[in-house]
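If you count the sequence shown from 1, you need to add 6 to reach the working numbering. All C-beta atoms in this analysis are idealised placements derived from N, C-alpha and C, irrespective of residue type, glycine included. Computed from a predicted model, the values in this text were never measured in an experiment. Please read the structure below before turning to the comments.
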Amino acid sequence: MKIAVMGYGTIGSGVVEVLKINRDKIAKRAGEPVEVKYILDLRDFPGDPMEDKIVHDYQTIVNDPEVGVVVETMGGVEPAYTFVRAMLEAGKQVATSNKNLVAAKGAELIKIARDHGVNFQFEASVGGGIPIIRPLNKCLTGDEIIEITGILNGTTNYMLTKMTEEGADFDDVLKDAQNKGYAEKDPTADIEGHDPCRKIAILTSLVCGKQVDFEDIHCEGITKITATDIQYAKAMNRSIKLLASSKLVGDTYSCMVAPFLLPATHPLCGVNGVFNGIFLKGNVLGDAMFYGSGAGKLPTASAVVADVVDMVKHQHTNIYIDWVNEKMELVDYKASKNAFFVRTTSDRATVEAAFGEVAYVDAVVDGDVAFTTGTMTEEEFEKKSQQIVMVNRIRLG
Ligand code: HSE
């Protein structure tokens, strides 16, 4: 099987490396050797062992009937969408790691692939190297999935862990994560939660079979989390984690991305560093937990190569993915219920006038009044909190 890799960055070069490291195993599992014929990139890579494979025009790949599978690791929606679409329409199978593309165009590309008797697969788009797309699509089909809660961004989990364990500074840990190849090109997508937001939209689309638009999901990142918040978390025997969640409510879903204070007993509390964890509940399965390397070159490439192997084995069979381009209307986030940890400079009388009975937490900084609330809707919390001078608030998990 001759394949092409579009985008020779961190993940694309990882795919080439994985195909080399595990060459024989991959050939055995795919039923034939898998060889890279082209690498599409704007750059030339002089001196690189794959230099002679570099092409700059995607039509070279489209027009070569020998190429059966194409890997897309360029990132971003365009031109990735145009290139992927052209490959599928030319009867080539496509594996991608690109969550931006899958979240925006997944349903459409799945249909185009089906119409052309090929496959569009995207295991690496969520959870890096952790198998989660295939389990949802193929293994958990006897269940109604009632909840997915995940740590779906390696960069921010790495940062929060370092800030917790080493008292490290936000900017320094971000640079470190970027150097290790975990972060997006523009790390705003990581630290503002846009990356896990797209990932939970993809997972929710797969469990409901319809299009969940990430723009409809309430999304908060970790930029407002301070060293003082981390001190409070420790004092409460909790950890701050950026969670992406999706819960079945009637016929629809309540989805959110935000930092949560998790108790030490929560299964996601021990997910540290660049690791991702995905906790899910099925109506008959009960609980299941997926854990592993959620970002980085080789783990993500491992998932892409697994898709390539699957597609080499299914060259003339469409692997059905239940996700159509019909919009799923989500629950308005203001109606979702949470309990909150709050820091304020208002006094206790003002706090109690606004919230009624609360549980106070010993202040770790002078002048702070800190407390936790009972469960209430986001709308109720917003109204009550307007009556106090709030320093920060973090939801309780
Ligand atoms: N920037 C992403 C993360 C890469 O840190 O999780 C994997 O999608």
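Keeping to the same chain, check which residues put their C-beta closer than 7 Å to that of residue i; ignore five residues upstream and five downstream.
i      : result
Arg120 : Asn324
Ile118 : Arg91, Leu94 and Glu95
Arg140 : Glu129
Leu6   : With the chain running from 7 to 403 in the structure shown, residue 6 is simply not present.
Tyr87  : Leu107 and Lys111
Ala318 : Correcting the residue identity first, residue 318 is Val in this sequence and not Ala. Contacts found: Met7, Ala36, Gly37, Glu38, Val40 and Val75.
Met258 : The residue you asked about is not Met; residue 258 is Thr in the sequence shown. The answer, listed in chain order, is Met334, Glu335, Leu336 and Val337.
Leu146 : Gly288 and Leu291
Gly15  : Thr79
Gln184 : Pro193
For the ligand HSE, any of its heavy atoms closer than 7 Å to the Cβ of residue i?
i      : result
Gly199 : no
Thr161 : yes
Gly82  : no
Asp192 : no
Gly300 : yes
Gly3   : Beyond the ends of the chain as shown, which are 7 and 403, falls residue 3; an answer cannot be given.
Tyr297 : no
Asp182 : no
Tyr188 : yes
Lys105 : yes
Asp121 : no
Thr306 : yes
Asp196 : yes
Tell whether a beta-carbon distance below 8 Å holds between residue i and residue j.
i      : j      : result
Tyr238 : Phe347 : yes
Gln217 : Lys59  : no
Leu142 : Ile223 : no
Lys43  : Val73  : yes
Thr4   : Val364 : Any question about residue 4 goes unanswered here, given that the chain covers just 7 to 403.
Gly403 : His320 : no
Val103 : Thr306 : The amino acid occupying residue 103 in the given sequence is Ser; Val does not appear at that position. Closer than 8 Å, so yes.
Thr383 : Leu249 : no
Tyr188 : Val263 : no
Val83  : Lys105 : no
Gly13  : Thr79  : yes
Asn243 : Pro269 : yes
Phe68  : Val314 : Looking at the sequence shown, residue 68 is not Phe but Val. No, the pair does not count as a contact, with Cβ atoms beyond the cut-off.
Leu274 : Ile394 : no
Val311 : Ile45  : no
Ala207 : Ala109 : yes
Asn278 : Thr167 : yes
Glu198 : Thr229 : yes
His322 : Gly123 : yes
Asp353 : Val330 : no
Val397 : Phe377 : no
Gly302 : Lys186 : yes
Val11  : Val22  : yes
Glu385 : Ala355 : no
Ile151 : Val100 : no
Ser245 : Thr170 : yes
Could you please give me the residues that DSSP links to residue i through a beta bridge?
i      : result
Val348 : Phe377 and Arg399
Asp293 : Lys287
Asn282 : Gly298
Tyr44  : Ala10
Val263 : Cys225 and Ala250
Glu57  : Looking at the DSSP assignment, Glu57 forms no beta bridge with any residue, so it has no partner.
Leu268 : Ser245
Gly156 : Ala250 and Ile284
Val255 : Thr258
Tyr366 : Phe377
Ile151 : Gly288
Met382 : Asn344
Lys333 : Gln217
Counting only the same chain and skipping the five closest in sequence on each side, list residues whose C-beta sits under 6 Å from that of residue i.
i      : result
Pro400 : In the sequence on display, residue 400 carries Ile and not Pro. Closer than 6 Å at Cβ, skipping near neighbours: Pro265, Leu267 and Phe347.
Asn344 : Arg401
Tyr297 : Gly283
Ile327 : Ile116 and Asn143
Asp196 : Asn159, Thr161, Thr162, Ala189 and Glu190
Lys253 : Glu153 and Ser260
Asp293 : Lys287
Ala360 : Lys390, Gln393 and Ile394
Tyr64  : Leu46 and Phe89
Arg349 : Asp374, Ala376, Val397 and Asn398
Ala309 : Glu129, Ala130 and Gly135
Quick one: residues in its chain with C-beta nearer than 8 Å to the C-beta of residue i, no 5 flanking neighbours on either side, listed in chain order?
i      : result
Asp50  : Glu57 and Ile60
Asp368 : Ala241 and Ala376
Thr381 : Lys343, Asn344 and Ala345
The ligand SAH heavy atoms versus the CB of residue i: any closer than 7 Å?
i      : result
Gly380 : As presented, the structure is devoid of the ligand SAH, carrying the ligand HSE as its sole ligands.
Note to self: Threshold first: 3 residues or longer. Then list the beta strand (DSSP E) segments lying entirely within the segment 61-149, N to C.
What the structure shows: 73-78 and 99-102
Note to self: Extract the residue ranges of the alpha helix (DSSP H) inside the segment 175-232, only unbroken runs of 4 or more that lie entirely within it.
What the structure shows: Residue ranges of uninterrupted alpha helix (DSSP H) with 4 or more members, entirely inside the segment 175-232 and ordered along the chain, are 176-185, 194-197 and 200-214.
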